[in-house]
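Below is one structure, written out as structure tokens; the observations come after it.
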Amino acid sequence: IVEKENVLKQARRTYEESERSLKSICNSVEQENNELEEEFKSVQAHQTTLIKQYHLIFIKFEVNLQD
2 IVEKENVLKQ
12 ARRTYEESER
22 SLKSICNSVE
32 QENNELEEEF
42 KSVQAHQTTL
52 IKQYHLIFIK
62 FEVNLQD
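Per my numbering, the very first residue in the sequence shown carries number 2; after that it's consecutive.
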């Protein structure tokens, strides 16, 4: 019985260590995901700015062609 209890205690410790490890991994992945989302939003904003600038340049170019 004592041997079975020791095996169960060891199994429980292993389970708890695995659970802590998985939680840590999940937290790291979530943090990285949040950082990537922020970076993506920044890239989208930059892209929008570039598109607006392109349109302004294109409009000025068209106006110059008409003059």
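Think of the CB as a built atom: it goes at the ideal place given N, C-alpha and C, for glycine as much as any other residue.
Check for me: the alpha helix (DSSP H) holding residue i runs from which residue to which?
i: ILE52; result: 3-67
Rounded to the nearest angstrom, what separates residue i and residue j at their Cα positions?
i: SER29; j: GLN67; result: 57 Å
i: GLU20; j: GLN11; result: 14 Å
i: GLN48; j: LYS24; result: 36 Å
i: GLU40; j: ASN34; result: 10 Å
i: ILE52; j: PHE62; result: 15 Å
i: TYR16; j: SER22; result: 10 Å
i: LYS5; j: GLU18; result: 20 Å
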